[in-house]
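Residues in the sequence shown are numbered from 439 upward in steps of one, following my numbering.
In this text, a Cβ means the ideal position worked out from N, Cα and C, and glycines have one as well.
Computed from a predicted structure; not experimentally measured.
Presented below is the structure to which this report refers.
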Amino acid sequence: MPPGHRPADRCSNDRTTDDDDGDANRSVERGDRESTASAALERRDVLGTGTVAVGALLGGCIGGSESSDTASVDERHPGFRSLEREVADRSLPVEGTFPSWLEGTLLRTGPAKFEVGDRHLRHWFDGFAMLHRFAIDDGAVTYSNRFLETRAYEHATDEGELGYREFATDPCRRIWERFFTLFSDTTTDNANVSVATHADRFRAMTETPMPVEFDPETLETLGVVADGTDLGDLTTAHPHRDDGETINYVTDLSRTSEYRVFRMPDGEHERDVFATVSRDRPAYMHSFGLTDRYVILAEFPFVVDPLEFLVRDRPFIENYEWVPDRGTRFLVIERATGAVVSTHETDAFFAFHHVNAFEDGDDLVVDVVAYDDASIVEDLYLEAIRSEGYSPDGGRLDRFRLGETVARETLYEGPIELPGINYDRVNAEPYRYAYGVGNRENPPRDVPNTLVKVDVETGAASEWEEPGTYAGEPVFVESPDATAEDDGVILSVVLDAAAERSFLLVLDAGTFEELARAPAPHHIPLGFHGVFSDL
């Protein structure tokens, strides 16, 4: 999909626009829009509703052509076909042998439902969250899956329509309904991105500060953890755990927008904001870096004007603009004091995922999966994924050394995404191995279909691939007697497109050879992130 082009969305009660961006010609001048938006921001600040982060509050669905028919293209990509079936504690057949020491549970969240009534959701990131549980015990595997019963999901299933603003799809609302979203909380709790733990509780997470707790045994939804919406509007689904505390940040979108970095000591739920950074046009940042002494925000030039955000007729992510002349800035925040101790500027690039960061003398080393620009966001619209000739941008594993200057080095040409490391051993430390999903072709001609292990010291790479399969995020589990960084296994949920079934794959992390697999009873739509727990 060309940069700047996005598939159109259509609501029967909305006008059709002629602009490819969906930004209709308006007679309202910018001054009037700013006045309206400023008043709305003031109203929001008074009410404390936390509504800004999920979309242009006066907006609705984008006009344009009808959504594409998904019937034929779903055959090509079953990874984006909705899954309605739920099972509990289903014993799975095992091919091969699981290591005797491997006992515990892989918990994952990801999008699993892409339709609401007769509407198709527009983006991979929009799908309604489903939890998946693979429990491994004495070489046997049981599987469960269950929708995360959020208010966004329940409204969609009960009413047959979208009730909350998702990443790239808006509810269909008439003008008067749009007005009233100024006075109500429309923040989505559709936690389809990752799973995290804090204080021995399990949370599904998304990019709004509304983590959803669930029971890791039954997958029952326990409810939203109401301890973050007062801090801001956006967050990351990739908090860091280090030295007895969880660290994350939120972005507050208002007249004086801020990044607010906070910590939560293990066993506590109060969020201690220890750093604030004011910004006129905040950036979209999906993750961040952490070292022993510093938090590192990579501020890409994919930015939003909060005033415009309120009045534009666009879904959340489509309010962001790629402004390459701004370049990318690394903001280095000291954990002990909260001070921004340095800012490092470099050429424009974009990333979803940090891989690792560490201190090397007076320098900071930051490894990310980098793209030349933010067009990868557009590549992940479902209409694009399901189109013939699909060719998404491919990420590179790039290293940035922050010192008196910024030095950039490509460690692995890729493609690579959904990166992981032996987190408990080497996060925030010098390391040797990174894992991710890759592609048989570069540039890619499909969604990820291989697993890759990269030696960041030599650039050598090992791959696992099997024709007709699509690999999921590699999760590293260390052997209890490990002496080397890669002494353990890789767990990945892989989709067999021809069989229309997924399976849990176990690789020896050292040799990258298959040890075992356990086929699930159905296909599992392609998702994002998970966590392994010894519960």
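Exercise for the section: Consult DSSP for residue 894 and reduce its assignment to one of helix, strand or coil. Expected result: Translated into positions along the sequence shown, residue 894 becomes position 456. In this structure, residue 894 counts as coil in the three-state DSSP scheme.
Exercise for the section: Give every residue of the same chain whose Cβ lies closer than 7 Å to the Cβ of residue 800, excluding the five residues on either side of it in the sequence, and list them in chain order. Expected result: Sequence index remark: in the sequence shown, residue 800 carries index 362 (1-based). Excluding residues within five positions, the ones whose Cβ falls inside 7 Å are 841.
Exercise for the section: Take the Cβ of residue 880 as the centre, count every other Cβ of all protein chains shown within 10 Å, and call the residue buried at 16 or more, exposed below. Expected result: Walking along the sequence shown from the start, residue 880 turns up at place 442. Exposed: under 16 other Cβ atoms inside 10 Å.
Exercise for the section: Kindly provide the ranges of any alpha helix (DSSP H) runs that are 4 or more residues long and lie completely inside the region 759-817, ordered along the chain. Expected result: 813-817
Problem - Where residue 1035 sits in the DSSP three-state scheme - result: The shown model of the chain, from 439 to 973, leaves out residue 1035, and the question about it has no answer.
Practice task
Can you grab the Cα-Cα spacing for the pair residue 637 / residue 826, in whole Å?
Solution key: On the sequence shown, position 199 is the one that residue 637 refers to. On the sequence shown, position 388 is the one that residue 826 refers to. For residue 637 and residue 826, the distance between alpha carbons rounds to 46 Å.
Exercise for the section: Note down, in chain order, each residue of its chain lying with its Cβ closer than 8 Å to the Cβ of residue 534, except the 5 sequence neighbours on either side. Expected result: Here residue 534 refers to the residue found at position 96 of the sequence shown. Contacts found: 944, 952, 953, 954, 955.
Practice task
Within the same chain, show all residues whose beta-carbon is closer than 7 Å to that of residue 601, passing over the 5 residues directly before and after it, in chain order.
Solution key: For the purposes of this step, residue 601 is identified with residue 163 of the sequence shown, where counting begins at 1. Here the set comprises 590, 593, 594, 609.
Problem - Paired residues, beta bridge with residue 570 - DSSP - result: Within the sequence shown, the letter at position 132 stands for residue 570. Residue 570 pairs with 546, 583.
Problem - beta strand (DSSP E) runs contained entirely in the region 882-943, provided each spans 3 or more residues - result: 888-893, 899-903, 913-916, 926-934
Exercise for the section: Say whether the region 710-722 touches the region 682-697, bearing in mind that this needs 3 or more beta-carbon pairs closer than 8 Å, one atom from each stretch. Expected result: yes
Practice task
Can you grab the Cα-Cα spacing for the pair residue 557 / residue 599, in whole Å?
Solution key: Stepping through the sequence shown from its first residue, residue 557 is reached at position 119. Stepping through the sequence shown from its first residue, residue 599 is reached at position 161. In a straight line, the C-alpha of residue 557 is about 8 Å away from that of residue 599.
Handout entry: Neighbour-count burial assignment, residue 507, 16 or more Cβ in a 10 Å radius
Key = As a first step, residue 507 must be located in the sequence shown, where it is residue number 69. In this prediction, residue 507 scores a pLDDT of 40, lower than 50, which makes its location untrustworthy; no coordinate-derived value is stated.
Problem - Strand pairing of residue 641, partner residues [DSSP] - result: Numbered from its first residue, the sequence shown carries residue 641 at position 203. DSSP, once it has assigned bridges, lists 634, 651 as partnering residue 641.
Handout entry: For residue 745, the three-state DSSP class (helix, strand or coil)
Key = The residue given as residue 745 occupies position 307 in the sequence shown. Residue 745 falls in the helix class under three-state DSSP.
Problem - Straight-line gap, residue 836 to residue 797 (C-alpha atoms, nearest Å) - result: Within the sequence shown, numbered from 1, the residue matching residue 836 stands at position 398. Within the sequence shown, numbered from 1, the residue matching residue 797 stands at position 359. If you take the alpha carbons of residue 836 and residue 797, they lie about 16 Å apart.
Practice task
Taking 8 Å as the threshold, find out whether the region 538-545 comes into contact with the region 912-920 through three or more Cβ pairs.
Solution key: yes
Practice task
Along the beta strand (DSSP E) that carries residue 851, what are the first and last residues, could you check?
Solution key: Residue numbering aside, residue 851 sits at position 413 when the sequence shown is read from its first letter. Here residue 851 belongs to no beta strand (DSSP E), and DSSP marks it neither H nor E.
Practice task
Compare the C-alpha of residue 860 against each of 929, 779, 887 and name the closest.
Solution key: Along the sequence shown, one-based indexing puts residue 860 at 422. Residue 929 is the option with its Cα nearest to residue 860.
Practice task
Would you decide whether residue 967 is buried or exposed? Buried here means 16 or more other CB atoms lie within 10 Å of its CB.
Solution key: The sequence position of residue 967 within the sequence shown is 529, counting from 1. Looking at its Cβ environment, which holds 16 or more other Cβ atoms inside 10 Å, residue 967 is buried.
Exercise for the section: Whole angstroms is fine: what's the gap from residue 811's alpha carbon to residue 935's? Expected result: For the purposes of this step, residue 811 is taken as residue 373 along the sequence shown, with counting starting at 1. For the purposes of this step, residue 935 is taken as residue 497 along the sequence shown, with counting starting at 1. In a straight line, the C-alpha of residue 811 is about 30 Å away from that of residue 935.
Exercise for the section: Tell me whether residue 846 is buried or exposed, calling it buried when 16 or more other Cβ atoms sit within 10 Å of its Cβ. Expected result: Counted from its first residue, the sequence shown places residue 846 at position 408. Answer is exposed; the Cβ neighbour count stays below 16.
Problem - Test item: CB-CB of residue 563 and residue 823 under 8 Å - result: Here residue 563 refers to the residue found at position 125 when the sequence shown is read from its first residue. Here residue 823 refers to the residue found at position 385 when the sequence shown is read from its first residue. Going by C-beta atoms, residue 563 is not nearer than 8 Å to residue 823.
Exercise for the section: Please determine if the region 633-652 and the region 734-743 are in contact, where contact requires at least 3 C-beta pairs separated by less than 8 Å. Expected result: no
Handout entry: Contact check, residue 885 vs residue 908, beta carbons under 8 Å
Key = Numbered from 1 along the sequence shown, position 447 holds the residue referred to as residue 885. Numbered from 1 along the sequence shown, position 470 holds the residue referred to as residue 908. Result yes, Cβ atoms of residue 885 and residue 908 sit closer than 8 Å.
Handout entry: C-beta atoms of residue 606 and residue 963 nearer than 8 Å
Key = On the sequence shown, position 168 is the one that residue 606 refers to. On the sequence shown, position 525 is the one that residue 963 refers to. The answer is no: Cβ separation not under 8 Å.
Exercise for the section: Could you have a look at residue 962 and say whether DSSP puts it in helix, strand or coil? Expected result: Translated into the one-based positions of the sequence shown, residue 962 becomes position 524. Looking at residue 962 - three-state DSSP - the assignment turns out to be coil, as it is neither helix nor strand.
Exercise for the section: For residue 832, count neighbouring Cβ atoms within 10 angstroms of its own Cβ and tell me buried if that reaches 16, exposed if not. Expected result: Within the sequence shown, the letter at position 394 stands for residue 832. Classification for residue 832: buried.
Handout entry: Neighbourhood of residue 722 by C-beta, 6 Å cutoff - its chain only, sequence neighbours within 5 removed
Key = Counting from 1 along the sequence shown, the entry for residue 722 is found at position 284. Contacts found: 740, 758.
Practice task
Report back the beta-carbon spacing between residue 572 and residue 942 to the nearest angstrom; my notes put them in contact at under 8 Å.
Solution key: By one-based count along the sequence shown, residue 572 stands at place 134. By one-based count along the sequence shown, residue 942 stands at place 504. That pair is a contact at about 5 Å.
Practice task
Output the distance between the C-alpha atoms of residue 843 and residue 787, rounded to the nearest integer angstrom.
Solution key: The count along the sequence shown starts at 1 and reaches residue 843 at position 405. The count along the sequence shown starts at 1 and reaches residue 787 at position 349. Distance between the alpha carbons of residue 843 and residue 787: 17 Å.
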